[in-house]
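Accompanying notes for the structure given below.
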Amino acid sequence: VDSYALVHTAVEQPPYRGEVLIWHLGRGLSILFGAILIGLTYLTSLHIFPADRRRALLSAALIAFVPALLFHSSVLSYESLSAVLTALFLLVALQTLKQPNRLRWWIALGVLTGLSITTKYSAVLLPLEIIFVIWLSNQFEAKAEAQAKLQPTPPLTNQQTNQPTNSPTPQLYKLPNWQRILVAALATLIASGWWFGFVAWEFNTIDTQGPVVGLLQPLLVGDASDTTSVQVAGFLFGQQTVANDARPPMPRNYLQLARSFSESFWAAPVAGQFGPFILPLVYSVLALLALAGLGRVWRQSDRRIRLILSLLLVHTFLIVPLLLIRVLLSYDPREVAQGRHLLLPAASAIAVLLVWGWDQWSPKLSWLAVGGLLLWTIFGQLGWAVAAYPPPIPVWPQQVMAAPPAYPQETVLADGIKLVDVSHRVLPDALEVTLRWESLATIKADYLVELSLLDSAGHVVGYNLSQPVNGRYPTRAWEPGDTIEDTHLLPLLGALGDGYRLQLRLLTRAGEVVPHTETTLDTVSLSTTAQPDPCTIWPPPDSWLDAIPLRPDATFTIVNTELPLLKLGSDEVVTQNPFHSVGDFHTFLVGPDWPTSARLLSGDTDCGLLNFDIPPRNFTVPAIPQPLEANFNNEIQLLGYELPARRIQPGQRLPLTLYWRSLAYMGEDYNLFANPLDRDQQRWGGYDRRPRDGYSTLRWVPGEVITDPFGIPIDANAPDGIYTIDLGFYRQTESGPESLPLFQDGQAIDQHSLRLGPIKIGGPPLDLTLTEAHPEFPINESFGNQITLLGYDEPSADSRQPSAISRQQSTVSEQPSPTSQPTNQPASQPANQPTPQLPNSTNSTNATNSLTLTLYWQADTTPAADYTVFLHLRDESNQTIAQKDNPPAGGQYPTSLWDPGEMIKDELTLPLDDVPPGRYTPVVGLYN
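When you line the sequence shown up against this note's numbering, it's residues 230 to 1157, in that order.
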């Protein structure tokens, strides 16, 4: 199931009620608009070629048989209405060329433009086509006037030709171009103004964003479903105006986008997948062949025919610049690279052009191409859809009750699962048992239903183990009040002819029996001599139309005295044993990580290949730039993250990619929070979301690796400074959000989030940087050409006894002493540079003794790492007697976030506990 897909249930079956009735009424309108589009295509071709009804019929048939157009005109969508309006626009434009001085045609063009833009924003370029029609009409009129001067008026005749005819009708009054433009513009404003005025009036944000942005923001951004409009709004009004809606763009694979465009132009996906690419490829080549045929038309025709051809081509490709812009600006280019964006606005023109171009090579080519589309639609689309889509899930919500129970039961099992009805039907070799369940509460685990048919001695003679509706509606998906009709098929074993007991139990995903769920349902009388084939799959498909590959969570049973095995994958190296075995009944549970095929070995019998429909999931950990392990609630593991930018401005989005691994099947839909916090733990932006912007944790499976890229919105008013990202999960409860705890060593700890970063928003922290530095002792020594020590202030000693500080000099070093951390390496120091000096000091020892040193740093460039400052106190034999290691500014401003030229004041306090009196050398350096 896709993140936002609709699960089809029994409430969609006749008689239609409520929302379902509205859906079907809407579909009826879409189908009606599709039929109108076919008729308009016929009329458009006939308008251009009055004597060629064959060409008009082929053009209309082409529109009717293109699988993609058939699909989009049969679903509840505005696409078919938009296609009708633009097709009508083209037909009126052709009529306008014949009668350019009739005011009504320019009014009609304006009205259709306004309605088209109101229906779909992609028609926003139609006013440019009106300008082109004005130019074409001028060309037609000029040609007609020139012919009238050269030739006498021909006699009237009813003879028709096969050539395009759009000669202008002689008019006594010529309508000026400015009047044509004005009339069309006013008609466009009137036809679209009512809608845009309503949106601007009801949804404006003038009070918070001013008159210009406040009026245009709701028109461009709306619900942020069109990410291109969001990007355009950000470009026009500033990124801070769309901070909560903008998202970082996904990577572009233009070859894959071209293939996706070709597939979706000709075909429609079935069960989320397109058929073989060979068919879209063949028809794309045929389209290029038609385009070459139109090149012949252009070279061999007079100016009048070229003008008509120009109108059809402009009408077809007018939207292409807009599509290219959207591909570049859209968050997800796949939402743009869909052929319907070109096919539907120019459907009638495309059909006429294709048939016109094919006819230049051979009239038979058009018949073959259109006939091929018909076969493709019948077998490749409709037939495939019938075979691929299962019937609606037999589930009824509380407000739409199923039929009354025939054999009422009142048995409440685990977690609010109530059995309300049981019925059975004896088949020649199996027992069909139908259970009706009622959900009393939200269920957080998946249970399998075990049905056993037992003889008087307790031997199992019939068996089935599966999740409800064979995995299509697992118990974690049940909602309180749901009524579920659940049919199971128990294969029978041996010569049976006595009374048998039907028993039910619930099992966990691990195959363990849930306590207190064993229930005797009924006594069954039957007479059969069933001897199941060891290669028969239970439940078997009824016919080829129902031969749907098994999906994850589905089960199938093999009846055999020997243990059956599956050889997984094309190499058949991995062996899969049955999930559960009872006597001669062996049940396999299809896993989410299975390959799409497996070979079934039932004992010594090779039963051939089984096919599975396994949705793509990732179980391989990719290369992670920043590995980091964290365990949330023993259900979700953070593997690491990528933070490509650690500097960002207020109002922008911080790109972040998280890498998750599922540790278990989860019974709740967790939300992820990622909030930027300043050093006072105040939140400045962030938002809550599902991982991968819609991939519910309910759908995660153990071992699955989820790559989760997104952008964290930063508050436009966020002050300059250093921030961290507070990251965690929470569940919604009646009392409010409840954060998931972190686990360590299998136990929950008192921590519910972790911090990523640090990051720098805006400029540096105001209280940690200097505009100018005046150290008492200048040094100006560069460390690794990254950070310069400008100097220091005279050290101060804190003691309850007097101490003396001399003015003698000693070495400043980048190398930590042998007693410092051995794993840390300093930044490289250029050779042959003068050595800066710090004063020696003689301190008396005391429990409160300390030495405070003030340093002044300046960034030469952006430092490559977060360096740590060390201060060592060395005796005359160069042994470290005391040391203090600390990031600059107490860690409040990491060096990797310093910008070139920034100056930072840094105080280090070195404890002098147990330091005997004497002369010592302070040594300062940096290491990573």
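Ideal Cβ positions, reconstructed from N, Cα and C, are used throughout, including at glycine.
None of these values were measured; they are calculated from a predicted model.
Environment of Pro720 [buried if 16+ CB atoms lie within 10 Å]: buried
Three-state secondary structure (DSSP) of Asp1095: coil
Assumed close pair Asp675, Thr704 - CB separation to whole angstroms, cut-off 8 angstroms: 5 angstroms
Per-residue DSSP class, three states only, for Phe902: strand
Completely contained beta strand (DSSP E) runs for the segment 649-713, where each covers 3 or more residues: 659-668, 677-683 and 689-695
Own chain, CB closer than 8 angstroms to Val353, minus 5 neighbours either side, in chain order: Ile346 and Leu551
Beta-carbon spacing of Phe814, Thr786 below 7 angstroms: yes
Close beta carbons around Leu365, own chain, < 8 angstroms, minus the five adjacent residues each side: Leu326, Leu536, Ser539 and Leu540
Chain B within 7 angstroms of Leu286, Cβ atoms only: Checking the listed chains, one finds no chain B in this structure; it contains a single protein chain.
Distance between Gly645 and Pro970 (C-alpha atoms, nearest Å): 27 angstroms
N-terminal and C-terminal residue of the alpha helix (DSSP H) that Leu291 is part of: Arg282 to Phe294
Range covered by the alpha helix (DSSP H) that runs through Pro550: Val549 to Leu558
Inter-residue Cα distance where the pair is Tyr959 and Pro966: 6 angstroms
Best match in Leu867, Asp1022, Tyr729 and Leu594 for proximity to Gln973 [C-alpha to C-alpha]: Leu867
From Asp822, Leu1139 and Val788, residue whose alpha carbon lies closest to that of Ala1111: Leu1139
Other residues of its chain near Leu838: CB distance less than 6 angstroms, five sequence neighbours each side excluded: Ser826 and Arg828
Three-state class that DSSP yields for Asn860 in the structure shown: strand
Strand pairing of Trp1086, partner residues [DSSP]: Leu1018 and Ile1133
Contacts around Ile579, its chain only, beta-carbon distance under 7 angstroms, and the 5 residues preceding and following it disregarded: Thr545 and Leu572
Rounded straight-line distance, which links the Cα of Ile435 to that of Tyr1021: 54 angstroms
Residue interval of the beta strand (DSSP E) (run including Gly257): Element bounds for Gly257: not the beta strand (DSSP E) but the alpha helix (DSSP H), Gly247 to Ile277.
DSSP three-state assignment for Lys327, whether helix, strand or coil: helix
Separation of Pro1024 from Asp1104, as counted between CA atoms: 17 angstroms
DSSP state of Leu774 mapped onto helix, strand, coil: Low local confidence applies: a pLDDT of 46 at Leu774 is under 50, so the model's placement there is unreliable, with the coordinate-based value given in what follows. Three-state result, Leu774: helix.
Which residues DSSP lists as bridging Gln973, in chain order: Gln976
Proximity winner among Trp625, Gln438 and Ile954, relative to Leu985 (alpha-carbon distances): Ile954
Cβ-based burial, Glu431 [other Cβ within 10 Å; buried from 16]: exposed
Spatial distance of Pro562 from Leu887 (CA atoms): 21 angstroms
Beta-carbon contacts of Thr752 that lie in its chain and below 8 angstroms, excluding the five residues immediately before and after: Gly728, Tyr729, Arg730 and Leu731
From Pro329, Ile363, Gly263 and Arg284, residue whose alpha carbon lies closest to that of Ala316: Gly263
Rounded separation between Tyr271 and Gly915 - CA only: 54 angstroms
Val690 beta carbon less than 7 angstroms from that of Leu725: yes
For Thr238, the three-state DSSP class (helix, strand or coil): strand
Whole-angstrom distance between Pro938 and Ala290, CA atom to CA atom: 45 angstroms
Nearest neighbour of Val549, chosen from Leu1137, Thr606, Ala575 and Ile363 [CA to CA]: Ala575
Contact the segment 649-660 vs the segment 739-747: 3+ CB pairs below 8 angstroms: no
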